[in-house]
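Trainee: In mature numbering (1 follows the signal peptide of the UniProt record, and there is no 0), the protein residues as written are -26 to -1, 1 to 369. Here a beta-carbon is modelled for each residue, glycine too, at the ideal position from N, C-alpha and C.
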């Protein structure tokens, strides 16, 4: 018997600030290639795996990672260089995100290569979609030194990509850009999303490595990085789920573990299973031959598709031990403990609440449980615009 414990640590769900005070909260970051803050969030805010993300938490706390989509300035109105000083570009001068500004040579990075036409599709994950004034992408100059704080003068004066006419599909803005020319080694891509309906702007530092290797013969599209955050006990069930552009289930690939399994190992086995059974995606590392090969690494695998528009998540169900492990309780039924919004400050993972529509909802496990206490317009069970980020409807 499995409790309904589901942890999605991929690109498929819309995340909104855990402690937001209202609808003006955080709204997005770069997903392909993965931005610095979004990557650290995916590692797990409470126990990140990379040394750089651990240092970011030590410097600024975990809230910056939960608020991965909140690197913003509310009154930017195009004055980015004026209001964000040198050395604070990656935090957008937000004290809460100062750990992102640490000058380090070991920030997790993504190897990127151009397609056959010398272009690259960047994907920006918008948890709240806004009217877009523009996306601008800048790249650091050749010779950039990541051991020094990032300054505006480290970036090329003009963006290599400027997009003004783009619509979000499944909460993703897909930016078809020319691949930055004459770059080798480690660099930072600095993204600015300026809203058209507000002076608010969002910012993202993405650590990349440029490859001069010719592109593989098959034009795979990266959907994002898939990560394994934890070792799992025997009889745990992990499921890779693929969704189409309308959010409907396209594929499901379950794997039941026959023994206690380290994170890197179960992710490797899951990737192998997906690759053997999927007609749409492959999981692993893209080779120069065009094949995608799984690696035994908790953080090293990525999801590739032949067509854009897909999203994915990995669900985990742990075997019941008779006690609480921070997830929800077993079974699918149960009586509501509260009638929304009564007792909202007491909502935790597994809390059963009757929504204003009369249905019963269960608060999702960490890292989503904090949103069960969020502002009603976003998180009211069954009626908030992002209620599915926080709740599961009980049949």
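Quick check on residue 112: does DSSP put it in helix, strand or coil?
Mentor: strand
Trainee: I need the DSSP call for residue 349, collapsed to helix, strand or coil.
Mentor: coil
Trainee: Can you have a look at residue 143 and say buried or exposed, based on whether 16 or more other CB atoms are within 10 angstroms of its CB?
Mentor: exposed
Trainee: Name the one or two DSSP bridge partners that residue 241 has.
Mentor: According to DSSP, residue 241 bridges with nothing at all.
Trainee: Please confirm whether residue 198 and residue 112 have their CB atoms less than 9 Å apart.
Mentor: no
Trainee: Tell me, please, which residues DSSP counts as bridged to residue 366.
Mentor: 336
Trainee: Taking C-beta to C-beta, are residue 227 and residue 213 nearer than 9 Å?
Mentor: yes
Trainee: Compute the Euclidean distance between the alpha carbons of residue 370 and residue 178, then round it to the nearest angstrom.
Mentor: This structure leaves residue 370 out entirely; the chain is present only between -26 and 369.
Trainee: Any idea if residue 235 is buried or exposed, counting beta-carbon neighbours within 10 angstroms, 16 or more meaning buried?
Mentor: buried
Trainee: So residue 257 and residue 245 are supposed to be a Cβ contact under 8 Å. How far apart are they, rounded?
Mentor: For residue 257 against residue 245, the beta-carbon gap comes to about 4 Å, under 8 Å, which counts as contact.
Trainee: May I ask which residues mark the beginning and end of the beta strand (DSSP E) holding residue 134?
Mentor: Note, residue 134: premise wrong, no beta strand (DSSP E); not H, not E.
Trainee: Which of the three DSSP states is assigned to residue 23 in this structure?
Mentor: coil
Trainee: Whole beta strand (DSSP E) runs in the region 157 to 200 with 3 or more residues, listed along the chain?
Mentor: 159 to 169, 175 to 184, 195 to 200
Trainee: Quick check on the burial criterion: 16 or more other C-beta atoms within 10 angstroms. Buried or exposed for residue 261?
Mentor: exposed
Trainee: Are the Cβ atoms of residue 242 and residue 201 separated by less than 9 Å?
Mentor: no
Trainee: Quick one: what's got a C-beta closer than 7 Å to residue 54's C-beta in the same chain, skipping five residues either side?
Mentor: 166, 175
Trainee: Going residue by residue through the region 39 to 96, where are the continuous alpha helix (DSSP H) segments of at least 4 residues, counting only ones entirely within it?
Mentor: The region 39 to 96 contains these whole alpha helix (DSSP H) runs: 54 to 57.
Trainee: For the beta strand (DSSP E) that contains residue 211, what are its first and last residues?
Mentor: Judged by DSSP secondary structure, residue 211 falls within the beta strand (DSSP E) whose first and last residues are 211 to 217.
Trainee: Check whether the Cβ atoms of residue 47 and residue 67 lie closer than 9 Å to each other.
Mentor: yes
Trainee: From the DSSP output, which residues share a beta bridge with residue 98?
Mentor: Per DSSP, 4, 147.
Trainee: From this set, 16, 9, 6, 11, which residue's C-alpha is nearest residue 288's C-alpha?
Mentor: 16
Trainee: Do you know whose CA, among 93, 149, 102, lies nearest residue 283's CA?
Mentor: 149
Trainee: Find the nearest neighbour of residue 221 within the set 334, 317, 362, 104, judged by alpha-carbon distance.
Mentor: 362
Trainee: Check for me: the beta strand (DSSP E) holding residue 17 runs from which residue to which?
Mentor: Per DSSP, residue 17 belongs to no beta strand (DSSP E); it is in the alpha helix (DSSP H), 10 to 17.
Trainee: For residue 370, which residues in the same chain have their Cβ closer than 7 Å to its Cβ, ignoring the five residues on either side in sequence?
Mentor: Nothing about residue 370 can be read from this structure; the chain reaches only from -26 to 369.
Trainee: Considering only residues of the same chain and omitting the five flanking positions on each side of residue 62, which have a CB-CB separation below 6 Å?
Mentor: 75
Trainee: Give me, in chain order, the residues of the same chain whose beta-carbon lies closer than 7 Å to that of residue 170; leave out the 5 immediate sequence neighbours on both sides.
Mentor: The beta carbon of residue 170 sits closer than 7 Å to the beta carbons of 105, 106, 107 from its chain, once the five residues preceding and following it are set aside; these are given in chain order.
Trainee: From 293, 332, 331, 355, pick the residue whose C-alpha is nearest to that of residue 318; which is it?
Mentor: Minimum Cα distance to residue 318 is reached at 355.
Trainee: Helix, strand or coil for residue 290 per DSSP?
Mentor: strand
Trainee: Considering just the uninterrupted stretch of the beta strand (DSSP E) at residue 278, what are its terminal residues?
Mentor: 275 to 279
Trainee: Check residue 125 in the structure and name its three-state DSSP category.
Mentor: coil
Trainee: Which residues in the same chain have their Cβ closer than 8 Å to the Cβ of residue 140, if we skip the five residues on either side of it in sequence?
Mentor: Contacts found: 106, 109, 147, 148, 149.
Trainee: How many angstroms separate the CA atom of residue 294 from the CA atom of residue 219?
Mentor: 34 Å
Trainee: Looking only at its own chain, which residues have a Cβ that is under 8 Å from the Cβ of residue 237, when we skip the five neighbours before and after it?
Mentor: Cβ-Cβ distances below 8 Å link residue 237 to 202, 203, 204, 205, 206, 272 in the same chain, with the five nearest sequence neighbours on each side left out; the list follows chain order.
Trainee: Taking all protein chains shown into account, decide if residue -5 is buried (16 or more other Cβ within 10 angstroms of its Cβ) or exposed.
Mentor: For residue -5, the pLDDT reaches just 33, beneath the cut-off of 50, and the residue's location in the model is therefore unreliable, although a value from the coordinates is still provided. Looking at its Cβ environment, which holds fewer than 16 other Cβ atoms inside 10 Å, residue -5 is exposed.
Trainee: Is the Cβ-Cβ distance between residue 278 and residue 195 less than 9 Å?
Mentor: Yes. Within cutoff.
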